[in-house]
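Student: Position 75, counted from 1, in the sequence shown is what full-length UniProt numbering calls 75; the numbers after and before it change by one each time, with no gaps.
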Amino acid sequence: MQKHIRYAIADDHKIFRRGVISALEDMPALKLVLEAENGKDLLANIARAKPDVVLLDLKMPEMDGIETTIELRKRNIDVRIIIITMMDDEKYVIHLMETGANGYLLKNAEPEEIKTAIITACENGYYFNDFVNKALLRKVLHKNFLKPVFNKDIDLTSREIEVLKLICEEKTANEIGAQIFLSPRTVEGIRTKLLEKIGVKNTAGLVMYAVKNRIVK
């Protein structure tokens, strides 16, 4: 884990926002760099704050979490997006993951899970809890439910398949590199190539592709 993880939070409910911030204060590795009341406020200040992770509510005035996620990815801002919301509908989970979110938490999550989600998303590129795992699995099993769209005629090399399997095991670039004798930079390059070949935006998309095509169980 890097020395400090810079995080931002966007939520229109100040009491909840301050509660999350307070719960994270006992972890010196996490540094708050931006508070925002909505997506518009977040986008206006994110370039200055430069967070590594954004905790993002879904229902906000002026610009909601879905619109904000789309805009962050459209601008190619290098930030991990963790949705934290009361919305427990699996359709939101699938849509946000496909849009570019890196994790999805419900607002009744324990503070320890929020900390774990932030750290894991920074290290692995995503954080899947049981709720998200079940939603992704149901999507794969029920082809008519928000059918995923991948590039056609995908031809992966044996090395790319090897890295993809390890990504699905939630291993970091350092761990993958150590296991298959590659540098972390080379592993990141293979991950980027996988994203391009498969036509997805984040690690969640890679995992969904691997499950759907039986590369992993």
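Even glycine gets a Cβ: it sits at the ideal position worked out from N, Cα and C.
Small disclaimer: the values here were computed from a predicted structure and weren't measured.
Tell me whether T68 is buried or exposed, calling it buried when 16 or more other Cβ atoms sit within 10 Å of its Cβ.
Tutor: Classification of T68: buried, given that the 10 Å Cβ count is 16 or more.
Student: Taking DSSP's pairing of strands, which residues face R191 in a bridge?
Tutor: According to DSSP, which records beta bridges pairwise, R191 is partnered with nothing at all.
Student: Identify which residue in N108, L32 and Y92 has its Cα closest to the Cα of A8.
Tutor: It is L32 whose Cα lies nearest to the Cα of A8.
Student: Provide the residue(s) that pair with R159 in DSSP beta bridges, ordered along the chain.
Tutor: Note: R159 sits in no beta bridge, so no partner.
Student: Taking the beta strand (DSSP E) that R75 belongs to, which residues open and close that run?
Tutor: Run containing R75: none; DSSP gives neither H nor E here.
Student: At which residue ranges does the stretch 74-130 contain complete beta strand (DSSP E) runs of 3 or more residues, listed in the order of the chain?
Tutor: Runs found: 80-85 and 103-106.
Student: Less than 7 Å separating the beta-carbons of I56 and G65?
Tutor: Correcting the residue type first, residue 56 is Leu in the shown sequence and not Ile. Yes, the pair counts as a contact, with Cβ atoms nearer than the cut-off.
Student: Smallest Cα separation from Y127: which of E188, I15, G39 and T172?
Tutor: Ranking the options by Cα distance to Y127, first place goes to T172.
Student: Once you ignore the five residues that flank D11 on each side, which residues in its own chain have a CB closer than 6 Å to its CB?
Tutor: Within the same chain, D11 has close Cβ partners R17 and D57.
Student: Taking one C-beta from the stretch 174-187 and one from the stretch 97-116 each time, how about it: are there three or more such pairs within less than 8 Å?
Tutor: With a cut-off of 8 Å, the stretch 97-116 and the stretch 174-187 do not count as touching, because too few Cβ pairs lie within range.
Student: Could you give the distance in angstroms between the alpha-carbon of E162 and the alpha-carbon of E37?
Tutor: About 42 Å.
Student: Helix, strand or coil: which one does DSSP assign to A29?
Tutor: Three-state DSSP puts A29 in coil, outside helix and strand.
Student: Buried or exposed for N144, please, with buried defined as at least 16 other CB atoms from any protein chain shown within 10 angstroms of its CB.
Tutor: Residue confidence for N144 is low, a pLDDT of 47 falling below 50, so the modelled location carries little weight and cannot support an answer.
Student: With contact counted as at least three CB pairs below 8 Å, one residue from each stretch, are the stretch 23-30 and the stretch 38-52 in contact?
Tutor: Result no; under three Cβ-Cβ pairs closer than 8 Å.
Student: Run the CB neighbour count on R75, radius 10 Å, all protein chains shown included, and call it buried at 16 or more, exposed below.
Tutor: Answer is exposed; the Cβ neighbour count stays below 16.
Student: To the nearest angstrom, report how far apart I215 and N202 are at their CA atoms.
Tutor: If you take the alpha carbons of I215 and N202, they lie about 17 Å apart.
Student: Just to confirm, is the Cβ distance from G100 to A121 under 7 Å?
Tutor: In this structure, A121 does not lie closer than 7 Å to G100 by Cβ.
Student: Mind checking who E35 pairs with in its DSSP beta bridge?
Tutor: Per DSSP, I9.
Student: Checking 7 Å against the spacing of the C-beta atoms, do R6 and D41 come in under that value?
Tutor: Contact flag unset, no.
Student: Need the endpoints of the alpha helix (DSSP H) that L206 sits in, please.
Tutor: That run of the alpha helix (DSSP H) goes T203 to K212.
Student: For M97, count the other beta carbons within 10 Å of its own beta carbon; 16 or more makes it buried, fewer makes it exposed. Which is it?
Tutor: Looking at its Cβ environment, which holds 16 or more other Cβ atoms inside 10 Å, M97 is buried.
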